[in-house]
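K.L.:
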Amino acid sequence: MATITLAVTGSISAYKAADLISQLRKYGHQVHVLMTEAAQAFITPLTLQVLSQNRVHLDTMEEPDPSKVNHIQLAKDSDLFLVAPASANTLAKLANGIADNIVTATALALPVTTPKLLAPAMNTNMYLNPASQNNLARLQELGYQMVEPRASLLACGDYGIGALAEIPTILEAVKEVLDLA
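Sequential numbering from 8 applies to the sequence shown in the working numbering.
1. So who's on the other strand from Arg157, going by DSSP bridges?
2. Which stretch, first to last residue, makes up the alpha helix (DSSP H) that contains Lys23?
3. Would you mind reading off the limits of the beta strand (DSSP E) that contains Val38?
4. By Cβ distance, which residues of its chain are closer than 6 Å to Tyr166, with the 5 residues on each side in sequence left out?
5. At 3 residues or longer, what runs of the beta strand (DSSP E) sit wholly inside the stretch 40-91?
6. Would you decide whether Leu53 is buried or exposed? Buried here means 16 or more other CB atoms lie within 10 Å of its CB.
7. Can you give the beta carbon distance from Thr16 to Ser94, rounded, assuming they're within the 8 Å contact cut?
8. Let me know the secondary structure DSSP gives Val15 once reduced to three states.
9. In whole angstroms, what is the alpha-carbon distance linking Asp66 and Met42?
10. Can you check the stretch 115-140 for any beta strand (DSSP E) of at least 3 residues that lies completely inside it and give the ranges in chain order?
11. May I ask you to list the residues that DSSP assigns as paired with Thr10?
12. On the premise that Leu98 lies in contact with Leu143, defined as a C-beta separation below 8 Å, what is that separation, rounded to the nearest angstrom?
Here you go:
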């Protein structure tokens, strides 16, 4: 099966990464997890490490194997780069080539042929903001595919688009992307 690099970013829906990892592993995929600092405020790296059965990568400057540059190797080994949840902040960084954390540095190091999939999750106003919409359009130009967020009651109490797609929807998108790769 595939080696999936799952980037978890700062969204309340980061806790859903636990279920996503479990489901991906049930399908036989190898899952390597990257987390932004903000994601760690919502779910612990240890939880995702236990579920993925792999070390969770938190810091671009941490180099566990002196013979390899960690974020470069992670990028080379990825059959699919999946960002779920993808926060507005991370979308902006990815759209503009900013590589200031393990997620964005690994993304920038991906071979152009590596499939990339985003599952945005944020407040409705953040999602609909023209800056976010421009970033999403730019990312599609750069070859990222999207799993659209859904309309729902959000953690902030607002109702609208911005909730992370359901896990089965993300899994179906992963299957489709990998079948095309």
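For each residue, glycine too, the CB sits at the ideal point set by N, CA and C.
P.N.:
Quick answer:
1. Answer is Ala170, bridged to Arg157.
2. Segment: none, Lys23 is in no alpha helix (DSSP H) and carries neither H nor E.
3. Gln37 to Met42
4. Contacts found: Leu160.
5. none
6. exposed
7. 4 Å
8. In this structure, Val15 counts as strand in the three-state DSSP scheme.
9. 8 Å
10. 123-127
11. Gln37
12. 6 Å
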